[in-house]
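At position 8 of the sequence shown (counting the first as 1) the number is 86 in my numbering, and the numbers step up by one without a gap.
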Amino acid sequence: MGPSSATARRFSRVTGTGSYLPPKRVTNDALAAQLARSGIETSDEWIVERTGIRARHFADDDAACSDLAVAAARGALSAAGCDARDIDLLIVATSTPDMVFPSTACIVQDKLGANGCTAFDLQAVCSGFVYALSVADSMIRAGSATRALVIGAEIFSRLLDFSDRSTCVLFGDGAGAVVLEASDEPGIVASELHADGRHVGVLCVPGTVSAGHIAGDPLLKMDGQAVFKLAVGVLEDVARSVLAKAGRTDRQIDWLIPHQANIRIMLGTARKLNLPAERMIVTVDEHGNTSAASIPLALDQAVRAGRIKRGDTVLLEGVGGGFTWGAVLLDM
Ligand code: UT7
Numbered sequence: 079m080g081p082s083s084a085t086a087r088r089f090s091r092v093t094g095t096g097s098y099l100p101p102k103r104v105t106n107d108a109l110a111a112q113l114a115r116s117g118i119e120t121s122d123e124w125i126v127e128r129t130g131i132r133a134r135h136f137a138d139d140d141a142a143c144s145d146l147a148v149a150a151a152r153g154a155l156s157a158a159g160c161d162a163r164d165i166d167l168l169i170v171a172t173s174t175p176d177m178v179f180p181s182t183a184c185i186v187q188d189k190l191g192a193n194g195c196t197a198f199d200l201q202a203v204c205s206g207f208v209y210a211l212s213v214a215d216s217m218i219r220a221g222s223a224t225r226a227l228v229i230g231a232e233i234f235s236r237l238l239d240f241s242d243r244s245t246c247v248l249f250g251d252g253a254g255a256v257v258l259e260a261s262d263e264p265g266i267v268a269s270e271l272h273a274d275g276r277h278v279g280v281l282c283v284p285g286t287v288s289a290g291h292i293a294g295d296p297l298l299k300m301d302g303q304a305v306f307k308l309a310v311g312v313l314e315d316v317a318r319s320v321l322a323k324a325g326r327t328d329r330q331i332d333w334l335i336p337h338q339a340n341i342r343i344m345l346g347t348a349r350k351l352n353l354p355a356e357r358m359i360v361t362v363d364e365h366g367n368t369s370a371a372s373i374p375l376a377l378d379q380a381v382r383a384g385r386i387k388r389g390d391t392v393l394l395e396g397v398g399g400g401f402t403w404g405a406v407l408l409d410m
């Protein structure tokens, strides 16, 4: 006898992925040459050795975050074989919205023609996509949504201080998206989200808009070593606790997709989880740190390259400003 509708459990599963990178690719050498014109010294060698980054993409001045989000969303909708009108929940994880308000999600909704569905932005900086995926999963399992579009989209280049070599070489622009649909079986097996506001100051853009002016400094500030230490500490813990919640072990992870910020942090996490480096998806070399876009970008590229396949177990891990961190374990 099959489960009755009263006892049938409801899960969510990823049915399509998409991503978008702005066409302008900037190599370390090109960026170093640009910075040298302002008397700032850096090199491809330093950037590769400390971070693993070789290039990043920068959006043109006339591009909006919503444009990147829409391009990624169209890819995910097409892969899932559904239309924007079939979406009943749209979440955009971003720290670089088009406007102070309304949300970038509302702008994306209109550009896609998904008008009428629930739409909101989620702000958890580089953990934003993991947060948004977990929230969408909860809403689907609770029955308040059936088919969600979850997007991470950023134009971080607009926040960069190009006179600060310790931060401006690290970030890039891009977007990634997934369609997440109600399903009889997981899908998302477990997720966990955390924040610790004591560390607001280690990674922030302290400016805001006030009385028609920018109040404070609207450019990114980071204490790189403090962020490094915090990230290394939390990523293993959250991976272990999400695995425990799912009743699984690290041997059951087929693919690790950590937030793509620094190859040294990523390799350290893989090592602690006893995962060979080949089982980790790496895009930081070509994308830099795209904040909330980094995980869905990496996921989509790995799916489209035929590396991540249906049935594979994937661990997504986000970490960033707030301080925020979290993980989602999913069966594709
Ligand atoms: O998305 C949120 C997550 N963010 C992160 O995960 C970032 C975490 N932190 C990091 O990835 C690393 O801390 C950085 C890559 C930001 C910095 O690497 P580091 O090994 O911690 O370098 P450092 O800050 O200790 O700096 C070492 C040296 C310094 O020179 P001195 O004082 O030793 O003479 C810096 O001035 O490297 C210098 N430096 C640079 N040199 C050339 C800093 N930036 C650059 C640069 N090019 N771009």
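Cβ coordinates follow ideal geometry from the N, Cα and C atoms, glycine included.
Open item on the list: With distance defined between alpha-carbon atoms, name the residue in Q201, I185, A202 nearest to G194.
Closed with: Reading the sequence shown from its first residue, position 116 is the one you call residue 194. It is I185 whose Cα lies nearest to the Cα of G194.
Task: 8 Å CB neighbourhood of G389 in its chain, flanking five on each side removed - done: The count along the sequence shown starts at 1 and reaches residue 389 at position 311. Closer than 8 Å at the Cβ level, and outside the excluded window around G389, lie D409, M410.
- [ ] Look up N341 in the DSSP assignment and say whether it is helix, strand or coil.
- [x] Against the sequence shown, residue 341 aligns to sequence position 263. Before going further, note that residue 341 is Ile rather than Asn in the sequence given. Note: I341 maps to helix in three-state DSSP.
Open item on the list: Between which two residues does the alpha helix (DSSP H) holding S319 run?
Closed with: For the purposes of this step, residue 319 is identified with residue 241 of the sequence shown, where counting begins at 1. Unbroken alpha helix (DSSP H) run through S319: 302–324.
TODO: Report the rounded CA-to-CA distance for A383 versus V256, giving the unit in angstroms.
DONE: Indexing the sequence shown from 1 puts residue 383 at position 305. Indexing the sequence shown from 1 puts residue 256 at position 178. Between A383 and V256, the C-alpha separation is close to 16 Å.
Task: Helix, strand or coil at K350 according to DSSP, with G and I counted as helix - done: Indexing the sequence shown from 1 puts residue 350 at position 272. Helix, per DSSP.
Open item on the list: If contact is defined by three or more beta carbon pairs under 8 Å, each pair taking one atom from either stretch, is the region 129–147 in contact with the region 257–268?
Closed with: no
Task: Cutoff 7 Å; reference V397; Cβ partners in own chain excluding five residues on either side - done: In the sequence shown, counting from the first residue as 1, residue 397 sits at position 319. C204, S205, A309, V312, L313, H337, W403.
Task: Selected residue, minimal CA-CA separation from G400, among K299, I359, C160 - done: Residue 400 sits at position 322 when you count from the first residue of the sequence shown. Out of K299, I359, C160, K299 has the C-alpha closest to the C-alpha of G400.
TODO: Taking only heavy atoms of the ligand UT7 into account, decide whether any of them is closer than 8 Å to the Cβ of E395.
DONE: The sequence position of residue 395 within the sequence shown is 317, counting from 1. False, no ligand heavy atom lies under 8 Å from that Cβ.
Open item on the list: Using the Cβ count rule (16 or more neighbours within 10 Å means buried), how would you classify R91?
Closed with: The count along the sequence shown starts at 1 and reaches residue 91 at position 13. Buried is the call here.
Open item on the list: In the DSSP output, what is D409 paired with across the bridge?
Closed with: Within the sequence shown, numbered from 1, the residue matching residue 409 stands at position 331. Bridge partners of D409: T391.
Task: T129 beta carbon near the ligand UT7 (any heavy atom closer than 8 Å) - done: The residue labelled residue 129 in the question sits at position 51 within the sequence shown. At least one heavy atom of the ligand UT7 is nearer than 8 Å to the Cβ of T129, so yes.
Open item on the list: Suppose you measure from the CA of I386 to the CA of D378; what does that come to, to the nearest Å?
Closed with: Position 308 of the sequence shown, counted from the first residue, corresponds to residue 386. Position 300 of the sequence shown, counted from the first residue, corresponds to residue 378. If you take the alpha carbons of I386 and D378, they lie about 9 Å apart.
Task: V305 beta carbon near the ligand UT7 (any heavy atom closer than 8 Å) - done: Position 227 of the sequence shown, counting from 1, holds the residue named residue 305. It does: the Cβ of V305 is within 8 Å (strictly closer) of some heavy atom of the ligand UT7.
- [ ] Run through the region 138–200 for me and flag every whole alpha helix (DSSP H) of 4 or more residues, listed as ranges in chain order.
- [x] 143–158, 182–190
Open item on the list: Tell me the DSSP secondary structure of G80 in three-state form.
Closed with: Position 2 of the sequence shown, counted from the start, is the residue given in the question as residue 80. Because the pLDDT at G80 is just 45, under 50, the model does not fix this residue reliably, and the value given afterwards should be weighed accordingly. Coil, per DSSP.
TODO: Please report the Cβ distance between V62 and I229, rounded to the nearest whole angstrom; I am assuming they are in contact, meaning their Cβ atoms lie under 8 Å.
DONE: Any property of residue 62 remains undetermined from this structure, which presents the chain solely from 79 to 410.
- [ ] Tell me, please, which residues DSSP counts as bridged to T327.
- [x] Position 249 of the sequence shown, counted from the start, is the residue given in the question as residue 327. DSSP output for T327 lists no bridge partner at all.
- [ ] Please confirm whether any heavy atom of the ligand UT7 lies closer than 8 Å to the CB of I125.
- [x] As a first step, residue 125 is located in the sequence shown; it is residue number 47 there, counting from the start. True, at least one ligand heavy atom lies under 8 Å from that Cβ.
Open item on the list: Check whether the region 172–181 and the region 209–217 touch, using three or more Cβ-Cβ pairs below 8 Å as the test.
Closed with: no
- [ ] Enumerate in chain order the residues of its own chain whose CB-to-CB distance from S241 is below 8 Å, with the five nearest sequence positions on each side excluded.
- [x] Within the sequence shown, residue 241 is the residue found at index 163, counting from 1. Closer than 8 Å at the Cβ level, and outside the excluded window around S241, lie S116, I118.
Task: Three-state secondary structure (DSSP) of D332 - done: As a first step, residue 332 must be located in the sequence shown, where it is residue number 254. Reduced to three states, the DSSP call for D332 is coil.
- [ ] For D140, count neighbouring Cβ atoms within 10 angstroms of its own Cβ and tell me buried if that reaches 16, exposed if not.
- [x] What you label residue 140 is simply residue 62 of the sequence shown in a count that begins at 1. D140 comes out exposed.
Task: First through last residue of the alpha helix (DSSP H) which encompasses L376 - done: Along the sequence shown, one-based indexing puts residue 376 at 298. It is Ala, not Leu, that sits at residue 376 in the sequence shown. Element bounds for A376: 372–382.
Open item on the list: By alpha-carbon positions, which one of T172, R236, L258, E395 ends up nearest to I331?
Closed with: Locating residue 331 in the sequence shown gives position 253, counting from the first residue. Selected option, being the one with the closest Cα: E395.
Open item on the list: If you reduce the DSSP assignment to three classes, tell me which class S97 lands in.
Closed with: In the sequence shown, counting from the first residue as 1, residue 97 sits at position 19. Strand at S97.
Task: For F91, the residue or residues it bridges with in DSSP - done: Counting from 1 along the sequence shown, the entry for residue 91 is found at position 13. In the sequence as presented, Phe is not what sits at residue 91; that position holds Arg. Answer by DSSP bridge pairing, in chain order: E259.
TODO: Say whether chain C places a C-beta atom closer than 9 Å to the C-beta of T95.
DONE: As a matter of chain content, chain C is missing from the structure shown, which is built from one protein chain.
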